[in-house]
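A.B. asks:
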Amino acid sequence: AQTVTQSQPEMSVQEAETVTLSCTYDTSENNYYLFWYKQPPSRQMILVIRQEAYKQQNATENRFSVNFQKAAKSFSLKISDSQLGDTAMYFCAFGPPGSQGNLIFGKGTKLSVKP
Amino acid sequence: KAGVTQTPRYLIKTRGQQVTLSCSPISGHRSVSWYQQTPGQGLQFLFEYFSETQRNKGNFPGRFSGRQFSNSRSEMNVSTLELGDSALYLCASSPAGMRSNSPLHFGNGTRLTVT
Chain A
71 AQTVTQSQPE MSVQEAETVT LSCTYDTSEN NYYLFWYKQP PSRQMILVIR QEAYKQQNAT
131 ENRFSVNFQK AAKSFSLKIS DSQLGDTAMY FCAFGPPGSQ GNLIFGKGTK LSVKP
Chain B
5 KAGVTQTPRY LIKTRGQQVT LSCSPISGHR SVSWYQQTPG QGLQFLFEYF SETQRNKGNF
65 PGRFSGRQFS NSRSEMNVST LELGDSALYL CASSPAGMRS NSPLHFGNGT RLTVT
């Protein structure tokens, strides 16, 4: 069975600095999807970034980028120029091939951005 | 375009009762997935519906059921409520699920408290 591990329950960063959130996963599949979702206090899960396993190039979305290491089964999220609005729970998620809406989530990392 | 709408936002029920939660997906989205979020277990997949058919189901007891209507709106039902069913229930929609490589769009969730 696939598993997703986020080893950092909580992290904090100063505004404007860079922070990296870790995620590792376990799978025997070759093709799959990886996601980072953000859940602010409003509770709504918001997609931050997505990576397709067959693409070697790391995905980027503005201040958010990933370091995808397929052989190591690692998928870390880097947030540059952190903003107060980045304060949230961040969840790493694994999408098996043909999973049809069934994502496997990590337990999350609570990120606090301090002024 | 309106986002995923979940109703009600909060719900308090007594052990043994049953409850129905509602989810209206983004217009044009045909896939609806349900997740249970608790502090202890994190986010767990309940089931996914596409074109009124359940396509995938998580590892939950039969007390948890769902359905999808022809307009893609979905409901989930929990019968004989237990204290452990207290959780945030999240609904997510996508155009066609993981096979189309489309990400999930989540609603704000329904907070269910069982007393």
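Those sequence lines, one after another, are chains A and B.
Read in order, the letters of the first sequence are residues 71 to 185 in the working numbering.
Read in order, the letters of the second sequence are residues 5 to 119 in the working numbering.
Even for Gly, the Cβ is constructed at its ideal location relative to N, Cα and C.
(1) I need the DSSP call for residue 92/B, collapsed to helix, strand or coil.
(2) Using a 10 Å radius around the Cβ and a threshold of 16 neighbouring Cβ atoms, would you call residue 160/A buried or exposed?
(3) Report the neighbours of residue 114/A on chain B: residues whose CB is nearer than 9 Å to its CB, in chain order.
(4) Measuring straight from C-alpha to C-alpha, what distance separates residue 47/B and residue 177/A?
(5) Please report the distance separating the alpha-carbon of residue 115/B from that of residue 23/B.
(6) To the nearest angstrom, how far is the alpha carbon of residue 61/B from that of residue 182/A?
(7) Who are the Cβ neighbours of residue 82/A in its own chain at under 8 Å, not counting the five residues just before and after it?
(8) Please list, in chain order, all residues of the same chain as residue 37/A whose beta carbon is under 6 Å from its beta carbon, the five residues on each side excluded.
(9) Less than 7 Å separating the Cβ of residue 45/B from some heavy atom of the ligand NAD?
(10) Listing by chain order, which chain A residues have their CB less than 7 Å from the CB of residue 63/B?
(11) Just how far apart, CA to CA, sit residue 18/B and residue 164/A?
(12) Have a look at residue 15/B and residue 91/B and give me their C-alpha separation to the nearest angstrom.
(13) Just how far apart, CA to CA, sit residue 144/A and residue 76/A?
(14) Where does the unbroken beta strand (DSSP E) through residue 115/B begin, and where does it stop?
(15) In whole angstroms, what is the alpha-carbon distance linking residue 147/A and residue 21/B?
(16) Based on Cα-Cα distance, which residue from 111/A, 139/A, 171/A, 102/A lies nearest to residue 154/A?
(17) How long is the line joining the alpha carbons of residue 120/B and residue 72/B, rounded to whole angstroms?
C.D. replies: Well, looking at it:
(1) The residue you call residue 92/B lines up with position 88 of the second sequence. Of the three classes helix, strand and coil, the one that applies to residue 92/B here is strand, per DSSP.
(2) Start at 1 with the first residue of the first sequence, and residue 160/A comes out as number 90. Buried, since its Cβ has 16 or more Cβ neighbours within 10 Å.
(3) What you label residue 114/A is simply residue 44 of the first sequence in a count that begins at 1. Within chain B, the residues near residue 114/A are 7, 8, 94, 110, 111, 112, 113.
(4) Mapped onto the second sequence, residue 47/B falls at position 43. Mapped onto the first sequence, residue 177/A falls at position 107. Approximately 7 Å between the Cα atoms of the pair.
(5) Residue numbering aside, residue 115/B sits at position 111 when the second sequence is read from its first letter. Residue numbering aside, residue 23/B sits at position 19 when the second sequence is read from its first letter. Answer to the nearest angstrom: the Cα atoms are 12 Å apart.
(6) On the second sequence, position 57 is the one that residue 61/B refers to. On the first sequence, position 112 is the one that residue 182/A refers to. Each residue's Cα considered, the two are about 34 Å apart.
(7) On the first sequence, residue 82/A is found 12 positions in, with the first residue counted as 1. Same-chain partners within the cutoff: 181, 182, 183, 184.
(8) One cannot answer for residue 37/A here, as it falls past the ends of chain A, which runs 71 to 185.
(9) With respect to small molecules bound, the structure shown includes none, and the ligand NAD cannot be examined in it.
(10) Numbered from its first residue, the second sequence carries residue 63/B at position 59. The contacting residues do not exist; residue 63/B stays about 10 Å from chain A at best.
(11) Residue numbering aside, residue 18/B sits at position 14 when the second sequence is read from its first letter. Residue numbering aside, residue 164/A sits at position 94 when the first sequence is read from its first letter. In a straight line, the C-alpha of residue 18/B is about 35 Å away from that of residue 164/A.
(12) By one-based count along the second sequence, residue 15/B stands at place 11. By one-based count along the second sequence, residue 91/B stands at place 87. Approximately 10 Å, taken between the alpha carbons.
(13) On the first sequence, residue 144/A is found 74 positions in, with the first residue counted as 1. On the first sequence, residue 76/A is found 6 positions in, with the first residue counted as 1. Spanning the two alpha carbons is a distance of roughly 10 Å.
(14) Within the second sequence, residue 115/B is the residue found at index 111, counting from 1. Note, residue 115/B: beta strand (DSSP E), 114 to 118.
(15) Here residue 147/A refers to the residue found at position 77 of the first sequence. Here residue 21/B refers to the residue found at position 17 of the second sequence. If I take the Cα positions, the gap works out to 42 Å.
(16) Along the first sequence, one-based indexing puts residue 154/A at 84. Here the closest residue by C-alpha is 111/A.
(17) Residue 120/B cannot be examined here, being either before or after the span of chain B that is shown, 5 to 119.
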